[in-house]
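In my numbering, the protein residues as written are 4 to 366.
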């Protein structure tokens with residue numbers, strides 16, 4: 004009988020494992036590091052929580068869910084739940100406007116007065132100003148009277164009429180000031196020019212086209228399969244979110260989606276599925292103020308850097324929910340975080356995860 008040498012056999016076995024298992028070992032190590040970032044931020048396993056995903060070159064390399072989707076029923080979150088994405092909606096509005104430009108139905112240099120003749124200062128404000136938050140229009144979310152309409156069903160025209168006569172904060176193009184009103188106006192323009200409702204336009208031209216089957220215009224009336232309930236935290240504990248009529252945020256913040264649907268969205272942008280290459284690039288150009296200063300915002304995306312790597316980012320916040328998406332175009336890394344309590348912000352956390360994945364990718 005041949006004598007078996009344990010030491011040499013064990014070394015040979017280790018060699019086999021080292022040959023066939025490098026990717027899982029890396030993935031597990033990365034997952035542990037990601038969760039070490041997340042867990043201190045979502046400590047209450049019996050409270051609301053969040054879902055997170057990392058994709059590289061379109062392939063999911065990490066995803067997990069933390070906390071409860073519904074506190075009253077004690078239902079745990081899973082990664083396929085539907086969340087309100089708040090101001091990430093602006094990405095969809097911007098792409099829809101660029102679709103109309105590609106069809107020759109508008110130009111981003113068009114004056115607002117061309118479509119809404121009675122809009123104050125409409126002969127100085129362009130569509131470009133609305134897209135880049137440089138219009139100077141009063142942000143309706145900063146108006147005290149917002150509480151009077153927050154739960155009312157508002158048409159796009161009613162929303163525009165609500166804030167259009169407010170004094171402007173500055174002259175168009177003078178400075179960058181993040182502005183929800185500008186994107187409400189864009190949604191209204193979309194309806195005027197396309198002849199479709201904002202909801203139908205986005206559903207037909209974006210969601211259906213790229214297979215975003217779990218995404219839609221938000222509603223509290225319709226039954227939405229696997230919708231995460233939204234919460235807020237008070238001194239006495241968690242409470243159900245404050246009710247808002249989603250016709251109020253409209254094109255500035257009324258879309259709901261899932262992690263996987265948003266990955267489809269990012270891949271469609273990467274592949275120029277919805278817009279040609281030229282118009283897609285216009286979403287991510289660094290635009291300038293009147294004085295030549297760069298604003299680090301394109302059309303619907305903040306343009307930043309993480310570890311000197313280009314980053315396209317946007318977050319969202321609406322009663323009961325917060326969202327954040329970070330895309331690193333040079334490395335094709337996409338990081339998403341959604342939470343179902345506006346007491347848990349995924350913004351800094353998602354940026355840290357993107358930085359972590361970036362650093363691990365460079366090793």
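Don't be surprised by glycine CBs; every beta carbon is placed ideally from N, CA and C.
Could you tell me which residues DSSP pairs with residue 87 in its beta bridges? Locating residue 87 in the chain shown gives position 84, counting from the first residue. According to DSSP, which records beta bridges pairwise, residue 87 is partnered with 259.
Residue range of the beta strand (DSSP E) that residue 63 falls in? Position 60 of the chain shown, counting from 1, holds the residue named residue 63. Taken as a continuous stretch (DSSP letters only), the beta strand (DSSP E) holding residue 63 covers 62-69.
Spatial neighbours of residue 358 within its chain, please: CB distance less than 8 Å, with the 5 preceding and 5 following residues excluded, ordered by chain position. Within the chain shown, the letter at position 355 stands for residue 358. Taken in chain order, the residues that qualify are 309 and 310.
Looking only at its own chain, which residues have a Cβ that is under 8 Å from the Cβ of residue 42, when we skip the five neighbours before and after it? Translated into the one-based positions of the chain shown, residue 42 becomes position 39. Closer than 8 Å at Cβ, skipping near neighbours: 69.
In angstroms with no decimal places, state the Cα-to-Cα distance between residue 241 and residue 141. Counting from 1 along the chain shown, the entry for residue 241 is found at position 238. Counting from 1 along the chain shown, the entry for residue 141 is found at position 138. About 32 Å.
Can you tell me which of 200, 85 and 236 puts its alpha carbon nearest to the alpha carbon of residue 344? For this step, residue 344 is matched to residue 341 along the chain shown. Looking from the CA of residue 344, the closest CA among 200, 85 and 236 belongs to 236.
Taking Cβ positions, are residue 191 and residue 159 nearer each other than 7 Å? Here residue 191 is taken as the residue at index 188 of the chain shown, counted from 1. Here residue 159 is taken as the residue at index 156 of the chain shown, counted from 1. Contact flag set, yes.
What first and last residue would you give for the beta strand (DSSP E) that runs through residue 342? Position 339 of the chain shown, counted from the first residue, corresponds to residue 342. First-last of the beta strand (DSSP E) with residue 342: 336-342.
Mind listing, in chain order, the continuous alpha helix (DSSP H) runs of no fewer than 4 residues lying wholly within the stretch 85-128? Those alpha helix (DSSP H) runs which fall completely within the stretch 85-128 and span 4+ residues are 92-105.
Proximal residues to residue 337 (C-beta, below 6 Å), its chain only, five neighbours per side dropped: As a working mapping, residue 337 is identified with position 334 in the chain shown. Close CB contacts of residue 337 within its chain, under the 6 Å cut and outside five residues either way in sequence, are with 58, 269 and 330 (chain order).
Does the stretch 240-259 come close enough to the stretch 216-232 to have 3 or more Cβ pairs within less than 8 Å? With a cut-off of 8 Å, the stretch 216-232 and the stretch 240-259 count as touching, because enough Cβ pairs lie within range.
Exposure label - residue 195; buried when at least 16 CB within 10 Å: Position 192 of the chain shown, counting from 1, holds the residue named residue 195. Around the beta carbon of residue 195, fewer than 16 other beta carbons lie within 10 angstroms, which makes this residue exposed.
Whole-angstrom distance between residue 185 and residue 120, CA atom to CA atom: On the chain shown, residue 120 is found 117 positions in, with the first residue counted as 1. On the chain shown, residue 185 is found 182 positions in, with the first residue counted as 1. Approximately 16 Å between the Cα atoms of the pair.
For residue 214 versus residue 155, is the C-beta distance shorter than 7 Å? Residue numbering aside, residue 214 sits at position 211 when the chain shown is read from its first letter. Residue numbering aside, residue 155 sits at position 152 when the chain shown is read from its first letter. Against a cut-off of 7 Å, the Cβ pair of residue 155 and residue 214 comes out as no contact.
Going by the beta-carbon positions, is the gap between residue 85 and residue 230 smaller than 7 Å? Here residue 85 is taken as the residue at index 82 of the chain shown, counted from 1. Here residue 230 is taken as the residue at index 227 of the chain shown, counted from 1. In contact: residue 85 and residue 230 (Cβ atoms closer than 7 Å).
Per-residue DSSP class, three states only, for residue 163: Locating residue 163 in the chain shown gives position 160, where the first residue counts as 1. It is helical.
Just verifying my parser: in three-state terms, what is the DSSP assignment at residue 270? In the chain shown, the residue the question calls residue 270 occupies position 267. Helix.
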